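When we follow the working numbering, the leftmost residue of the sequence shown carries the number 25, and every step to the right adds one.
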Amino acid sequence: MTGYTLMFSALQLFAGTFSDRAGARRAYVIGMIVFVVASAACASSPSLPVLVGARILQGIGGAMITPASLALIREAHHDAAARGRAIVYWGLGGSVAAAAGPVLGGILTQLDWRLIFFVNLPVGAVALGVLSRVAVSPRRPAPFDWAGQISAVVGLAAVTYGIIEGAESGYGSTAIVLMFALAVVSLAVFVIAQTRGQHPMIPLDLFRPRAVSTALIIAVVTMAGFYGLVFVQSLYFQQERGASALETGLLFLPMTAPVAILNPWVGRLMTRYGHVAMIAAGQVIMAAGLIGLCLLPADAPVLLVAALMVPVGVGGSFTVPSIISQVMDNFPAERAGTASGVANTARQVGGSLGVAIFGAVLASGGFITGLRASLGATAVVLIVLVTASLALQRRRHTTA
């Protein structure tokens, strides 16, 4: 698990800039081929070390696919409204996966765990077949920013590894402290390289618009709340309420399945009311769900708990596509891959932070007390960030 997440998170920025340099279509093809080959290696692995190595390779392929997919959308849709609707459908793919993954995975593992990897082969083949009908993407040749690329990969890998492994080893352990120190040093090197380098991979002036910086902060907090909730509620259903893995997957369906249904509607609302309004609405809905879960008694019916998780999923469906559209619209068209890499890095770091922080809070006290504290604190932060979202809306109207 750590091997895949580590590569997927650490390589988002690299993959985004590679997509701009080599062309989004080419980057997508490379990523999909690597992902499919790695999936086959996972499914046929004869030992645990081979499986771990194949999972790491699979994470590399997944990291290549994600920024390139959004860059292809940016190339296909020059109109902001049409692009926003396309990004909503892009998010629909993730929503369907979130709804189907736990249930399908639970069913397949009853037959043979290798099937959860074999299923990727026909899906990847279909994706490559469809992609063959897409026009070749333009390249943007540029000198390679060695200092920026290496420091970004090392820093993101260090912080992701520290967050994940710290939950088990303890965040005060020497190895984890060294990892976080390495992340800080790498971040400093990255900032210097982008500020003083002749050919920076991500010019820092791209973050100057408040719309971009605020959207990225909201992305981190939203993903922290969403993945943190998935983490603690999985433990709650299985450890506190005695549900099996398959039953837990089914209990998550009410939260994830409506998102797939709502996504097309979200696209129309985003076109009508704008990105910022949808981001703020999503935060409020998500916070309401988290507060409802905080107030539930520990022995509440599990179906009621599952029902109160629905607003969290719905809030995410409002927020995530709008955030990505906000970032993509504020980056130059030739930097579409980089914009996607930046947005997805924020999401990945937020998700990792959410799991780490929620886990640390649970470990510091009783399970139910820690669960309520985590969900309540996240709800408060989301509500505070609504103010920042609305400030963006007022700023946009003033500028107009």
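Just so it is clear, CB atoms sit at the ideal spot from N, CA and C, and this is done for glycine as well.
Bear in mind the structure is a predicted one, so any value in this text is a computation, not a measurement.
By the neighbour-count definition (other C-beta atoms within 10 Å, threshold 16), Met294 is a buried residue. By the C-beta criterion, the stretch 330-346 is judged to be in contact with the stretch 276-290, since at least 3 inter-stretch pairs fall below 8 angstroms. Remark: fewer than three beta-carbon pairs, one from each stretch, lie closer than 8 angstroms, so the stretch 76-91 and the stretch 163-182 are not flagged as touching. Remark: three or more beta-carbon pairs, one from each stretch, lie closer than 8 angstroms, so the stretch 155-165 and the stretch 39-51 are flagged as touching. Around Met247, the same chain offers Arg371, Gly374, Gly375, Gly378 as residues with beta carbons nearer than 7 angstroms, after the five sequence neighbours per side are excluded. Sequence-distant Cβ neighbours of Tyr113 in its own chain, meaning closer than 8 angstroms and more than five residues away, are Asn287, Pro288, Gly291. Runs of the alpha helix (DSSP H) lying entirely within the stretch 338-412, each at least 4 residues long, are 360-388 in chain order. Annotation for Thr343: Thr246, Ile303, Gly306 place their beta carbon closer than 6 angstroms to its own, counting only its chain and skipping 5 residues before and after. For the pair Tyr195 and Leu155, the Cα-to-Cα distance works out to about 44 angstroms. Taking all protein chains shown into account, Arg359 has 16 or more neighbouring C-beta atoms within 10 Å of its C-beta and is therefore buried.
The continuous stretches of alpha helix (DSSP H) do not include Phe261, and DSSP gives it neither H nor E. Closest option to Ile57, judged by alpha-carbon separation, among Ile315, Leu152, Ala95, Ile140: Leu152.
Looking from the CA of Leu317, the closest CA among Leu211, Phe168, Leu253 belongs to Leu253.
Under a 10 Å Cβ-count criterion, Ile131 is classified as exposed, with fewer than 16 other Cβ atoms of the shown protein chains found around its own Cβ. In this structure, the straight-line span from the alpha carbon of Ile309 to that of Tyr251 is close to 16 angstroms. Annotation for Leu230: no alpha helix (DSSP H) segment contains it, and DSSP assigns it neither H nor E. When Cβ pairs closer than 8 angstroms are counted between the two stretches, the stretch 95-115 is seen not to touch the stretch 60-68, the count staying below three.
About 12 angstroms separates the Cβ atoms of Ala243 and Ala363, ruling out a contact at the 8 angstroms cut-off.
In the assembly as shown, Thr393 is an exposed residue. Its beta-carbon has fewer than 16 other beta-carbons within 10 Å. DSSP, reduced to helix, strand and coil, places Tyr195 outside both helices and strands of the structure shown, so it counts as coil.
Around the C-beta of Gln82, 16 or more other C-beta atoms lie within 10 Å, and the residue is accordingly described as buried.
Pairing Ile111 with Met88 gives a Cβ-Cβ distance that is not under 8 angstroms. A straight-line Cα-Cα distance of about 6 angstroms links Gly148 and Val60. With respect to the C-alpha of Ser398, the residue from Ala176, Asn144, Phe255 having the closest C-alpha is Phe255. One Cα belongs to Val410, the other to Leu94, and the distance between them is close to 26 angstroms.
Just measuring C-alpha positions, the residue of Pro282, Pro73, Leu320 sitting nearest Gly27 is Pro73. Setting aside the 5 residues that flank it on each side, Tyr52 is surrounded in the same chain by Ile89, Ala92, Ser93, Leu96, Leu155, each with a C-beta closer than 7 angstroms to its C-beta; the list follows chain order. Excluding residues up to 5 positions away in sequence, Leu399, Thr402, Ala403 lie with their Cβ nearer than 6 angstroms to the Cβ of Leu314 in the same chain. If you check the CB distance, Val283 and Ser193 do not come in under 8 angstroms. When Leu145, Leu37, Leu30 are compared, the shortest CA-CA separation from Ser68 is found for Leu145. In this structure, the beta-carbon distance from Leu386 to Leu395 falls below 8 angstroms. For the pair Ala48 and Glu99, the CB atoms are nearer than the 8 angstroms cut-off. In the three-state reduction of the DSSP assignment, Asp44 falls in the helix class, which pools H, G and I. Here the C-alpha atom of Gln134 lies approximately 48 angstroms from the C-alpha atom of Val215. Taking C-beta atoms as the reference points, Arg107 and Met352 count as a pair closer than 8 angstroms.
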